[in-house]
Amino acid sequence: MAAPSSVRVAQRGDLISLADLDLVQIREIVRNGVAFARGERAGEPLAGAVIGIYFRKTSTRTRTAFSAAALRLGARIIAYGPDDLQLNTGETVEDTAQVLSRMLDGLVCRTAGSTEELRALAAPPGMSVINAMSAHEHPTQALTDLITIQQHVGGVDGARVLYVGEGNSTAAALALSLPRFEGTELHLRTPPGYGLEAHVRAQAEEYAAESGSVLRETHDMAELPADVDVVYTTRWQTTGTTKADPDWRAVFQPFQVDEQLLDRYPEARFMHDLPAHRGEETTAAVLDGPRSIAFDQAENKMHGAMAVLEWALRSRT
Ligand code: CP
């Protein structure tokens, strides 16, 4: 009997959804990301490899992180912007994948579309495909977040996170990873109508039940957890998206992370995937304050990218 597609994908070194990886693989990437951040890893394990960096949407962190990571690991890169490939003139994703997979060892792709488009790019053998953010999930952001939690909280197992904001691709990836670690707590407070997609929440609840963790999403900022290690927020306007409701800001306003909210948790660190909009999802006092680790988190995108690329190309078939 054929293996489930998710297992097959993970075995061949693609990272399209964190649901494709098992916990051993996630732990390995986090461990190696921490080691890269500490400067404990040397050498150029990707010498001779060629990596395509294809971003169809804007990016400061993820594009730079993967480009710098590939170069630091000894690979060479080819960068494609949103208007560069013949996809724009009607060539199919399948034909594009056939061609690129014969020339590239890896393709890091931020798409305007779904993860299914990335799976089509990953269909031919030989080229690892890494999701650098799709409409539904931002898996390399969550791996960065776990690396940052490992560094600043002292471990991912047992970590307690309050996520405040839209149930976007960053939230989805966090929900598909953190609850798989033992004894964790992920409390999501998402604006009504802007929560996790139902299938993501169902999968995350399943992971939490298996690991003895807590996964709880509500839309009520009056009901908050007693204590957490991390308060996490994200921009209100996810890259390249618009909200149909003209009054969406009024719905989001109670979900701002300000000093009053952070002060409920005197030991908690503040995390933000960036880019930030001071005065919207958080205040300058919080983002630029002493408990913010948002810029360490941003730097970790490069260390996480190094760990992801090393894993992906080693696992490639
Ligand atoms: N957090 C994040 O993905 O940042 P960029 O959009 O700048 O890559």
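Take any residue in the sequence shown, note its place counting from 1, add 297, and you have its number in the numbering used here. Ideal Cβ positions, reconstructed from N, Cα and C, are used throughout, including at glycine. Keep in mind it's a predicted model, so treat the numbers as computed, not measured.
Worksheet item: What's the call for Glu-434, buried or exposed, on a 16-neighbour Cβ count within 10 Å?
Response: For the purposes of this step, residue 434 is identified with residue 137 of the sequence shown, where counting begins at 1. With 16 or more other Cβ atoms within 10 Å, it is buried.
Discussion item. Going by DSSP in three states, Ile-444 sits in which element: helix, strand or coil?
Written reply: Your numbering for residue 444 matches position 147 in the sequence shown. Helix.
Practice prompt. Per DSSP, which residues does Ser-398 bridge with? Please list them.
Written response: If you number the sequence shown from 1, residue 398 lands on position 101. Bridge partners of Ser-398: none, in fact.
Discussion item. Can you tell me whether Val-453 is helix, strand or coil according to DSSP?
Written reply: If you number the sequence shown from 1, residue 453 lands on position 156. Reduced to three states, the DSSP call for Val-453 is coil.
Practice prompt. Could you confirm whether any beta carbon from chain B is found closer than 8 Å to the beta carbon of Ser-425?
Written response: Given the protein chain composition of this structure (a single chain), no chain B is represented.
Practice prompt. Pull every residue with its beta-carbon under 5 Å away from any heavy atom of the ligand CP, and keep them in chain order.
Written response: Ser-356, Thr-357, Arg-358, Thr-359, Asp-570
Worksheet item: From what residue to what residue does the beta strand (DSSP E) around His-484 run?
Response: Working through the sequence shown from its first residue, we reach residue 484 at position 187. It spans 482-486 - the beta strand (DSSP E) in which His-484 sits, taken as one unbroken run.
Fill in: Sequence-distant residues of its chain with Cβ nearer than 6 Å to Val-461 (five each side left out)
Your numbering for residue 461 matches position 164 in the sequence shown. Excluding residues within five positions, the ones whose Cβ falls inside 6 Å are Arg-486, Thr-530, Phe-552, Val-554.
Worksheet item: Given Gly-294, which residues of its chain have a CB within under 6 Å of its CB, disregarding the five upstream and five downstream residues?
Response: Not covered by the structure: residue 294. The range shown for the chain is 298 to 614.
Worksheet item: Tell me which same chain residues have a C-beta within less than 7 Å of the C-beta of Gly-480, skipping the five on either side of it?
Response: Stepping through the sequence shown from its first residue, residue 480 is reached at position 183. Here the set comprises Asp-454, Gly-455, Gly-509, Ser-510.
Worksheet entry | Short Cβ contact (8 Å threshold) for Ala-334 with Ile-444 | Here residue 334 refers to the residue found at position 37 of the sequence shown. Here residue 444 refers to the residue found at position 147 of the sequence shown. Cβ atoms of Ala-334 and Ile-444: closer than 8 Å.
Item to complete: Using DSSP bridges, identify the partner residues of His-569.
Response: For the purposes of this step, residue 569 is identified with residue 272 of the sequence shown, where counting begins at 1. Paired residue(s): Thr-530.
Discussion item. For the segment 352-370 against the segment 592-607, do three or more pairs of beta-carbon atoms, one drawn from each stretch, fall closer than 8 Å, so that the two count as touching?
Written reply: yes
Worksheet item: Got a sec? Which residues, its chain only, sit under 7 Å from Met-518 by beta carbon, not counting five neighbours each side?
Response: Within the sequence shown, residue 518 is the residue found at index 221, counting from 1. Correct list, in chain order: Arg-486, Pro-551, Phe-552.
Practice prompt. Tell me, please, whether the segment 466-480 touches the segment 495-515 by the rule of three or more beta-carbon pairs shorter than 8 Å.
Written response: yes
Practice prompt. For the alpha helix (DSSP H) holding Ser-510, just list the boundary residues, first then last.
Written response: Taking the sequence shown and counting its residues from 1, the one referred to as residue 510 is at position 213. No alpha helix (DSSP H) contains Ser-510, which DSSP labels as neither H nor E.
Fill in: Ser-431 beta carbon near the ligand FMN (any heavy atom closer than 7 Å)
Among the ligands in the structure shown, the ligand FMN does not appear; only the ligand CP can be found there.
Discussion item. DSSP has Gly-349 in a bridge; who is on the other side?
Written reply: Translated into positions along the sequence shown, residue 349 becomes position 52. Paired residues: Ile-375, Leu-404.
Worksheet item: Can you round the beta-carbon distance between Val-525 and Ala-565 to whole angstroms, since I take them to be within the 8 Å contact cut?
Response: As a working note, residue 525 is residue 228 in the sequence shown. As a working note, residue 565 is residue 268 in the sequence shown. Yes, they are in contact, since the Cβ atoms of Val-525 and Ala-565 sit about 5 Å apart, within 8 Å.
Fill in: N-terminal and C-terminal residue of the alpha helix (DSSP H) that Ile-323 is part of
The residue given as residue 323 occupies position 26 in the sequence shown. First-last of the alpha helix (DSSP H) with Ile-323: 320-334.
Worksheet item: According to the neighbour-count rule (16 or more other Cβ atoms, all chains shown, within 10 Å of its Cβ), is Gly-576 buried or exposed?
Response: The count along the sequence shown starts at 1 and reaches residue 576 at position 279. It is exposed - the Cβ of Gly-576 has fewer than 16 other Cβ atoms within 10 Å.
Practice prompt. Kindly indicate which three-state DSSP category Val-458 falls into: helix, strand or coil?
Written response: Position 161 of the sequence shown, counted from the start, is the residue given in the question as residue 458. Of the three classes helix, strand and coil, the one that applies to Val-458 here is strand, per DSSP.
Worksheet entry | Nearest neighbour of Ala-394, chosen from Ala-376, Gly-349, Ala-409 [CA to CA] | Indexing the sequence shown from 1 puts residue 394 at position 97. Nearest C-alpha to Ala-394: Gly-349.
Practice prompt. Tell me whether Met-400 is buried or exposed, calling it buried when 16 or more other Cβ atoms sit within 10 Å of its Cβ.
Written response: Numbered from 1 along the sequence shown, position 103 holds the residue referred to as residue 400. Flag for Met-400 reads exposed.
Worksheet item: Just how far apart, CA to CA, sit His-496 and Glu-463?
Response: Start at 1 with the first residue of the sequence shown, and residue 496 comes out as number 199. Start at 1 with the first residue of the sequence shown, and residue 463 comes out as number 166. Their backbone Cα atoms lie some 16 Å apart in a straight line.
Worksheet item: In whole angstroms, what separates the C-alpha of Pro-522 from that of Ala-417?
Response: Position 225 of the sequence shown, counted from the start, is the residue given in the question as residue 522. Position 120 of the sequence shown, counted from the start, is the residue given in the question as residue 417. Distance between the alpha carbons of Pro-522 and Ala-417 is about 41 Å.
Worksheet entry | Close-in-space but distant-in-sequence residues of the same chain around Arg-358 (CB under 6 Å, 5 per side omitted) | Against the sequence shown, residue 358 aligns to sequence position 61. Correct list, in chain order: Ala-595, Lys-598.
Worksheet entry | Secondary structure of Asn-428, DSSP reduced to three states | Position 131 of the sequence shown holds residue 428. Asn-428 falls in the strand class under three-state DSSP.
Worksheet item: Expressed to the nearest angstrom, what Euclidean distance is found between the alpha-carbon atoms of Ser-431 and Ser-356?
Response: Residue numbering aside, residue 431 sits at position 134 when the sequence shown is read from its first letter. Residue numbering aside, residue 356 sits at position 59 when the sequence shown is read from its first letter. So the two alpha carbons sit approximately 12 Å from each other.
Worksheet item: By Cβ distance, which residues of its chain are closer than 8 Å to Ser-466, with the 5 residues on each side in sequence left out?
Response: Taking the first residue of the sequence shown as 1, we reach residue 466 at position 169. So the list reads Met-430, Ser-431, Ala-432, His-433, Glu-434, His-435, Gln-438, Thr-535, once near-sequence residues are dropped.
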